[in-house]
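Asker: Going by this note's numbering, the final residue of the sequence shown carries number 729, and the count climbs one at a time with no gaps. Think of the CB as a built atom: it goes at the ideal place given N, C-alpha and C, for glycine as much as any other residue. From a predicted model like this one, the values you see are computed outputs, not experimental measurements.
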Amino acid sequence: MKIWTFTGGGTFRHLLIICNVFALLLLAAPAVTASIPATGHPYLLFHDISETPGYQYRTADPWKSWEASILYTANRCLDLNFPGDLGAYNSYGYRGDFAWKLGLAYQITKDTKYSVKAKEALQTISKGTVTTYADKANGVGNYALAYDLIQPTLTPAEDKAIRDNLAVLADDVYSDLTEGSLSFADYHGQAYPMIAIAGAALADYTNPNGLKLTSTPEDWHRCGTDYYFVDDKLHPDGRSLISWGIDESSGKYLNGAYKGYIIGDLVLWLQVSNHAYGENLLEKYPVAKMAVTSEVWDTLPNKYSSNYVTLGNMKWTYLQSVVNLLPDNEKGPVLNQVEQIEKSTLLPYTRDGASSDEFVLYCVYGNYDSIPRTSPAYTSYLNPSSVFQVFRGSWDNDADWLSLVTFNAVTTSNRDMMHHDQLSFEYYSKGDLLLADAGEDKHVLDANYGVFETNHNTIAIEDPRTPFPTASWSNSVSRGMYKGYWGGILTPVSVDSIVQEPWMQLIRTTAKITDVVGAGWSSSQDLTSPIRYERTVLYPDTDYFVVIDRMEGTEPWVYRNIFRPTSLAITPTADANNDRDISESEVGHVNGALTIGSSPYNWQALPYKAETSTGITTGSLTWTTTNPYGKAVQLDLVSAPASEILIEKNVGRIAGYDLTSEVYNPVVWFRTPASTSEYRVTALLSRYSTENTRTATEIAVNGTGHALRVHSPGYDDYIYTGTGTSSFAGFTTDADTVFV
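(1) If you measure between the beta carbons of K472 and F396, is that distance less than 8 Å?
(2) Helix, strand or coil: which one does DSSP assign to P322?
(3) For E109, name the three-state secondary structure that DSSP assigns.
(4) If distances are taken between C-alpha atoms only, which option among A187, D160 and Q309 comes closest to K201?
(5) Given a cut-off of 8 Å, decide if I688 and L697 are closer than it, judged by their beta-carbon atoms.
(6) Return the CA-CA distance between C66 and A107, expressed in angstroms with no decimal places.
(7) Taking all protein chains shown into account, do 16 or more other C-beta atoms lie within 10 angstroms of the C-beta of V727, making it buried, or fewer, making it exposed?
(8) Got a sec, what are the start and stop residues for the beta strand (DSSP E) L739 sits in?
(9) Going by the DSSP bridge assignment, what does I360 pair with across the sheet?
(10) Got a sec, what are the start and stop residues for the alpha helix (DSSP H) G82 sits in?
(11) Pull up the distance between the alpha-carbon of V298 and that of G439, whole angstroms please.
(12) Taking DSSP as the reference, what is the three-state secondary structure of S310?
(13) Enumerated in chain order, which unbroken segments of the beta strand (DSSP E) with a length of 3 residues or greater are wholly contained in the segment 327 to 383?
(14) Between T714 and the rest of its own chain, which residues show a CB-CB distance below 8 Å, the 5 nearest in sequence each way excluded?
(15) When the Cα atoms are used, what is the spatial distance from L516 to G355?
(16) Is it buried or exposed for T543, if we count other Cβ within 10 angstroms and need 16 for buried?
(17) Alpha helix (DSSP H) containing N403: first to last residue?
(18) By Cβ distance, which residues of its chain are closer than 7 Å to F87, with the 5 residues on each side in sequence left out?
(19) Short check: CB of Y81 to CB of V119, under 8 Å?
(20) Closer than 6 Å by C-beta to A18: which residues in its own chain qualify, once you throw out the five before and the five after it? Chain order, please.
(21) Check the C-beta distance from V466 over to T459 and give it rounded, since I have them as a contact under 8 Å.
(22) Going straight from the alpha carbon of D564 to that of A388, what length do you get?
(23) Which residues in the same chain have their Cβ closer than 8 Å to the Cβ of L14, if we skip the five residues on either side of it in sequence?
(24) For P141, which residues from the same chain have a beta carbon less than 7 Å from its beta carbon, with the 5 sequence-adjacent residues on both sides left out?
(25) Could you compute how far the alpha carbon of S556 sits from the alpha carbon of P322?
(26) Give me, in chain order, the residues of the same chain whose beta-carbon lies closer than 6 Å to that of Y528; leave out the 5 immediate sequence neighbours on both sides.
(27) How many angstroms separate the CA atom of D165 from the CA atom of A436?
(28) Pop quiz: D139 and G92 are said to be a contact at Cβ under 8 Å. What is the actual Cβ separation, rounded to whole angstroms?
(29) Quick check on this structure: which residue in V488, S413 and G509 has the alpha carbon closest to the alpha carbon of F457?
(30) Can you name, in chain order, every residue of its own chain whose Cβ lies under 8 Å from the Cβ of D100, other than the five neighbours on each side?
(31) Would the segment 598 to 607 and the segment 646 to 655 be scored as touching if the rule is three or more Cβ pairs under 8 Å?
(32) If you compare alpha carbons, which of T167, A192, K598 and W612 is closest to Y181?
(33) Given P365, which residues of its chain have a CB within under 8 Å of its CB, disregarding the five upstream and five downstream residues?
(34) What ranges does the beta strand (DSSP E) occupy inside the segment 542 to 584, keeping only unbroken runs of at least 3 residues that lie completely in it?
(35) At which residue ranges does the segment 417 to 461 contain complete alpha helix (DSSP H) runs of 4 or more residues, listed in the order of the chain?
(36) Could you check if Y709 is buried or exposed, using at least 16 other CB atoms within 10 Å of its CB as the buried criterion?
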């Protein structure tokens, strides 16, 4: 191991010399043994309706309003002609959903008009239209719930016939699971939990009439347990089904907003397993609990989601429907998260990514008035195995927050694998998202879906020997590193060091760049020689952030750092003709003023997507805006070395999820001359207009590398990165990176 030396005089608060630290985290999920559920229908969600919180608190809200909604929906279903064709609602998913809602209304009221109608739906299962495999799977789970709820009203003959029909459908759904390629969000992530519900409803089914079935309730049960959480034997990849969609080390959904496709089915199965089998899967499988509580640690301080991959700044309120499965000492942070975001009106252009089903809440959501609403004991979430890292200053809504993408999974989904955001970051401070990803822009102008380097706070590369063709998405000859394709990662990331001390939080990452984005998002282009890229984030004294970028090659390259100033306060895009054909003049913008160095720059006057040289060489930009709380905020971004500044006006999605939130924002490049290696130090200093000013200035380095001094009335910090023996501000070191 190399021993680094350090000499120098003066007093200093702390000294940090970054070295390599390796950590390996292995999580093994326990195996599950199928058990037999309780007998005597109903038993999937309750034995008697009087056990449910909804029935017990039916005179008080929210349970009162949930019951009213259940009965209103069921009453509308009474007019349906299940033996006929329900038109646009004739799919298995819709028909099964109508049936189980009628069944719940029967249990609440004991009015046989609901059970008779639900029976009619169950007796005409074969009338459903197959739209997708996922829809048919959702249908079998919903039908199973309906059967469980009205089974006591059936005659023995009716019961036998319905059980046979339900078993045939479940067997058909099970057979479908191996058809085609694996797709977690669009299909299998929905299907496995729902067929497991059918397995619970028919746990004692023995096929007395000798139907030609190829599977059993035990097989269906394994889809919701062993196969889902441990090892999916239906797809011989040697991994759990959930690992295709959820990061098993952190619970982060790998594909962003597509979590909304699967979370309702998963939650419903978790509740059925808990009541029917007495098996709380959150306790049996750590990844299950992480998957349904990840919004507690990964969301912005204002409780909205970030712009990771396909996410928008949305609400996620489904967490209500798992609170009963958590121990009391873990309920507080979840209740705090969901209640704050549920009542928030801070971002008027957003929506809910996944809300709880009122029918499920009625059965499982209790009175938690006695549970204190608390914040987690931790703040930052730094995990060497996770695809997503979060620095957090506190749990206040205007706290510092910075995320870093450290993607290391294979998902077979273009939405995340070919989203070229590796080692990009988002930065929130003073109640606003000041440097944001572009999210998934898919309605306005080019609709690039946020996949390119210009959509992220990352780096880009130019080849000075054989320039890359001008990119259609940015009109630039620079290219971002190519993250991966649907079946693999081309630029994997290693998390080499994590430090979490009271005076310093830090993460150090490395990647070997061999490919950049080619002619489009799905194509790559080989570099003539690899580049070793290291990105380190420091958060000293939870005070400000420093981003260290080290690019080392064997040939000259032009290196660019990309920064995307943004705000959650936007002038929205207006679809004047309501035809979703948006002209450039109709596109809204983030509200903010940009200064390059000391020169104000009218970024909104730029033409769309025109890379523009400002003619300015500097190491700083200033971004001023008013956050959604109405407070003036200033970001001073100071970076060494001073660089040529290029800028363009491009589109990103922020402050919401839909068309209105796809707006213009500036994209700023810090561009260096061609060199084999580059070492950059960037400080992010944000403040309210009433706060003391912190300043950062580049200081001279004798040797190789660059350094900043960050000054405030209480301290002077020095940050250096480079190579070899160098001196700065009276200090001498041969370390790669130093913080004093």
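Answerer: Taking the coordinates as given:
(1) yes
(2) helix
(3) helix
(4) D160
(5) yes
(6) 9 Å
(7) buried
(8) The chain is shown from -10 up to 729; residue 739 falls before or after that span and cannot be answered.
(9) Partner(s): none; I360 has no beta bridge.
(10) Y81 to T98
(11) 8 Å
(12) helix
(13) 341 to 343 and 377 to 381
(14) G692, T721, T722 and D723
(15) 58 Å
(16) exposed
(17) N403 to M406
(18) C66, L69 and A110
(19) yes
(20) Confidence is the limiting factor: at A18 the pLDDT is only 30, short of 50, which leaves the residue's position unreliable, though a coordinate-based value still follows. Within the same chain, A18 has close Cβ partners F218, V219 and Y274.
(21) 6 Å
(22) 34 Å
(23) Reliability of the predicted coordinates at L14 is poor, the pLDDT of 25 falling under 50, and the value obtained from them is presented with this limitation in mind. Contacts found: S238, N372, P373 and S374.
(24) H30
(25) 27 Å
(26) F380, Q494 and F534
(27) 34 Å
(28) Correcting the residue type first, residue 139 is Ile in the shown sequence and not Asp. At roughly 5 Å, the Cβ-Cβ gap stays under 8 Å, so I139 and G92 are in contact.
(29) G509
(30) A94
(31) no
(32) T167
(33) V285, W286, P322 and W384
(34) 577 to 579
(35) none
(36) buried
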